[in-house]
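Reading through the structure tokens given below for one structure.
Encoded structure:
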């Protein structure tokens, strides 16, 4: 069994991301050194729990650790005030102390919500991420961003609270429905697009194999985590470079809000569409050649992913309304919307110098494809 380890070097808040097979079955042994007393509180969701919770609790009991667990409803709608309050109250009922460890066992929704609960509980308790989706393994479980959605937008309430450990079990990904696996791939390909052209080349050749080839899957997770860890180390609280990780997200978050954070559009699908739109916008502004957005779309299409706004089912608001939703994004600074654009594959940069009329033109053209 090969386990890759990526260190996230943040001084007193440093931790490791361990990537490999069978890590759920080793979770008790992996987490035991962190514990002041032999108990953990696990929060998961009602999709993951029937599939994997027994394995995890057995792994803890094998090391003499007493686990308690709460399963929240699955889905993006869980990531709001109501379930956040429920999770926090439950942790208090379990008498979780500051030296205890809370385990987030699920995808990005559970990781973000549980991390935020841990951040505010008793002014901060430690937590461990055991991400169960490709998206969470390569992105949301690493870096300490936690939070919930509100009526005004996505992730507008939260805190930076780094985990004490991340266990990314690449075997658990084989239980994902194909749509969820592909949605996670939207975040994988983002890393190649924003800063590693050679990784994008590798994904073009190997992306279709990831679902059934453990070694390649582990390599994709490892490279993604290495890139994210490096950026987080240099810019933990998103004062500068870390914003590059939001490539595609300005469009994505507006589209998620427009679809009601529903099953019509999964987050990773929105990221993929957003990346395609960001490259198209870059080309329209004369920043990159037409070859770049064409290549992005061609690869996403080859993977069987959503690529365009036209691929989202159901009604959507008009371009002006989508632009207004984008203006609610966290990346707005001094009233100016920041975009992550690109001069080519692997050459992303941050700018607030984007004319609104060009964005509106792009959105109107994308919406017109739906009507065609």
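In the numbering used here, the protein residues as written are 29 to 400. Using N, Cα and C, we set each Cβ at its ideal position, and we do this for glycine too.
Query - CB of residue 334 within 8 Å of CB of residue 301, strictly - result: As a first step, residue 334 must be located in the chain shown, where it is residue number 306. As a first step, residue 301 must be located in the chain shown, where it is residue number 273. Yes, the Cβ-Cβ distance between residue 334 and residue 301 is below 8 Å.
**Report entry** Classification of residue 208 by the beta-carbon crowding that lies within 10 angstroms, buried from 16 upward
**Finding:** In the chain shown, residue 208 corresponds to position 180, counting from 1. Answer is buried; the Cβ neighbour count reaches 16.
Query raised in the report: How close, in whole Å, do the beta carbons of residue 26 and residue 195 come, if the pair is a contact with beta carbons under 8 Å?
Result: Because residue 26 is not part of the residues shown, which for the chain are 29 to 400, the question remains open.
Query raised in the report: Would residue 354 be called buried (16 or more neighbouring beta carbons within 10 Å of its own) or exposed?
Result: If you number the chain shown from 1, residue 354 lands on position 326. Residue 354 comes out buried.
Query raised in the report: Under the rule that 16 or more other beta-carbon atoms within 10 Å means buried, what is residue 274, buried or exposed?
Result: By one-based count along the chain shown, residue 274 stands at place 246. Burial call: buried.
Query raised in the report: Is DSSP giving residue 159 helix, strand or coil here?
Result: The sequence position of residue 159 within the chain shown is 131, counting from 1. Correct three-state label for residue 159: strand.
Report task. Would you be able to state if there are at least three C-beta pairs under 8 Å between the region 262–269 and the region 198–207? Result -> no
Report task. Grab the span of the beta strand (DSSP E) containing residue 178 for me, first residue to last. Result -> Walking along the chain shown from the start, residue 178 turns up at place 150. Residue 178 -> beta strand (DSSP E) spans 173–178.
Query - Below-8 Å beta-carbon distance, residue 253 vs any chain B residue - result: Any reference to chain B falls outside this structure, which holds one protein chain only.
Report task. Please report the residue range of the alpha helix (DSSP H) in which residue 276 lies. Result -> Against the chain shown, residue 276 aligns to sequence position 248. From DSSP, residue 276 is part of no alpha helix (DSSP H); its letter is neither H nor E.
Query - residue 181 - containing beta strand (DSSP E), residue span - result: Along the chain shown, read from residue 1 onward, the residue named residue 181 stands at position 153. Residue 181 -> beta strand (DSSP E) spans 181–188.
**Report entry** Neighbour-count burial assignment, residue 94, 16 or more Cβ in a 10 Å radius
**Finding:** In the chain shown, the residue the question calls residue 94 occupies position 66. Around the CB of residue 94, fewer than 16 other CB atoms lie within 10 Å, so the residue is classed as exposed.
**Report entry** Coarse secondary structure for residue 349, derived from DSSP in three states
**Finding:** If you number the chain shown from 1, residue 349 lands on position 321. Of the three classes helix, strand and coil, the one that applies to residue 349 here is helix, per DSSP.
Requested in this report: Apply the 10 Å Cβ neighbour rule to residue 29 and answer buried if 16 or more other Cβ atoms are within range, or exposed otherwise.
Outcome: In the chain shown, residue 29 corresponds to position 1, counting from 1. Looking at its Cβ environment, which holds fewer than 16 other Cβ atoms inside 10 Å, residue 29 is exposed.
Query raised in the report: The beta strand (DSSP E) spanning residue 379 covers which residue range?
Result: On the chain shown, position 351 is the one that residue 379 refers to. That run of the beta strand (DSSP E) goes 376–379.
Report task. Please look up how many angstroms separate the CB atoms of residue 106 and residue 137, rounded, as I've assumed it's under 8 Å. Result -> Along the chain shown, read from residue 1 onward, the residue named residue 106 stands at position 78. Along the chain shown, read from residue 1 onward, the residue named residue 137 stands at position 109. Correct: roughly 6 Å between the Cβ atoms.
Report task. Report back the beta-carbon spacing between residue 97 and residue 85 to the nearest angstrom; my notes put them in contact at under 8 Å. Result -> The sequence position of residue 97 within the chain shown is 69, counting from 1. The sequence position of residue 85 within the chain shown is 57, counting from 1. Right, their Cβ atoms sit about 7 Å apart.
Query raised in the report: Of all the options 227, 140, 345, which has the alpha carbon lying nearest to the alpha carbon of residue 249?
Result: If you number the chain shown from 1, residue 249 lands on position 221. Checking every option, the nearest Cα to that of residue 249 belongs to 227.
Report task. Measure the beta-carbon distance from residue 215 to residue 272 and round it to whole angstroms, keeping in mind my assumption that it falls under 8 Å. Result -> Walking along the chain shown from the start, residue 215 turns up at place 187. Walking along the chain shown from the start, residue 272 turns up at place 244. Not a contact, Cβ separation roughly 13 Å.
Query raised in the report: How is residue 309 classed by DSSP in three states: helix, strand or coil?
Result: Sequence index remark: in the chain shown, residue 309 carries index 281 (1-based). In this structure, residue 309 counts as helix in the three-state DSSP scheme.
Query raised in the report: Counting along the chain, where does the alpha helix (DSSP H) carrying residue 323 start and finish?
Result: What you label residue 323 is simply residue 295 of the chain shown in a count that begins at 1. Counting along the chain, the alpha helix (DSSP H) containing residue 323 begins and ends at 319–330.
Requested in this report: Please say whether residue 166 and residue 212 have beta carbons closer to each other than 8 Å?
Outcome: Numbered from 1 along the chain shown, position 184 holds the residue referred to as residue 212. Numbered from 1 along the chain shown, position 138 holds the residue referred to as residue 166. Yes, the pair counts as a contact, with Cβ atoms nearer than the cut-off.
Query - Member of 222, 217, 183 whose CA lies at the smallest distance from the CA of residue 233 - result: The sequence position of residue 233 within the chain shown is 205, counting from 1. The shortest Cα separation from residue 233 among 222, 217, 183 belongs to 217.
Query raised in the report: Within 10 angstroms of its Cβ, does residue 383 collect 16 or more other Cβ (buried), or is it exposed?
Result: Residue mapping note: residue 383 aligns to position 355 of the chain shown, counting from 1. Its Cβ having fewer than 16 others within 10 Å, residue 383 is exposed.
Query - Nearest candidate by alpha-carbon position, reference residue 135, set 168, 307, 395, 365 - result: Numbered from its first residue, the chain shown carries residue 135 at position 107. The shortest Cα separation from residue 135 among 168, 307, 395, 365 belongs to 168.
Query raised in the report: Buried or exposed: where does residue 89 fall if 16 or more other Cβ atoms within 10 Å of its Cβ makes it buried?
Result: Here residue 89 corresponds to residue number 61 of the chain shown, with the count starting at 1. When all chains shown are included, residue 89 counts as exposed.
Query raised in the report: Exposed or buried, which one is residue 190 when buried takes at least 16 other CB atoms within 10 Å?
Result: Looking up residue 190 in the chain shown gives position 162. Per the 10 Å Cβ criterion, buried.
Query raised in the report: Whose CA, out of 210, 321, 356, 313, lies closest to the CA of residue 305?
Result: Locating residue 305 in the chain shown gives position 277, where the first residue counts as 1. Minimum Cα distance to residue 305 is reached at 321.
Query - the region 173–188 touching the region 143–153, judged by at least three CB pairs closer than 8 Å - result: Using a Cβ-Cβ distance cut-off of 8 Å, the region 173–188 and the region 143–153 are in contact, since at least three pairs of beta carbons, one from each stretch, lie closer than that value.
Requested in this report: Quick one: measure Cβ to Cβ for residue 156 and residue 193, integer angstroms, because I've assumed they're closer than 8 Å.
Outcome: As a first step, residue 156 must be located in the chain shown, where it is residue number 128. As a first step, residue 193 must be located in the chain shown, where it is residue number 165. About 5 Å separates the beta carbons of residue 156 and residue 193, which is inside the 8 Å limit, making them a contact pair.
Query raised in the report: Taking residue 41 as the reference, which of 79, 171, 70 has the closest Cα?
Result: As a working mapping, residue 41 is identified with position 13 in the chain shown. Per the Cα distances, 171.
Query raised in the report: Short check: CB of residue 71 to CB of residue 112, under 8 Å?
Result: Locating residue 71 in the chain shown gives position 43, where the first residue counts as 1. Locating residue 112 in the chain shown gives position 84, where the first residue counts as 1. Going by C-beta atoms, residue 71 is not nearer than 8 Å to residue 112.
Query - Top-ranked residue by Cα proximity to residue 206, from 392, 62, 340, 297 - result: Along the chain shown, read from residue 1 onward, the residue named residue 206 stands at position 178. Here the closest residue by C-alpha is 297.
Query raised in the report: Going by DSSP, which residues form a beta bridge with residue 130?
Result: The residue given as residue 130 occupies position 102 in the chain shown. In DSSP, residue 130 forms a bridge with 69, 155.
Query - Rounded distance between the beta-carbons of residue 48 and residue 31, thought under 8 Å - result: Sequence index remark: in the chain shown, residue 31 carries index 3 (1-based). Sequence index remark: in the chain shown, residue 48 carries index 20 (1-based). Contact flag correct, Cβ pair sits at about 4 Å.
Query raised in the report: Just how far apart, CA to CA, sit residue 66 and residue 123?
Result: Walking along the chain shown from the start, residue 66 turns up at place 38. Walking along the chain shown from the start, residue 123 turns up at place 95. Residue 66 and residue 123: Cα-Cα distance of roughly 14 Å.
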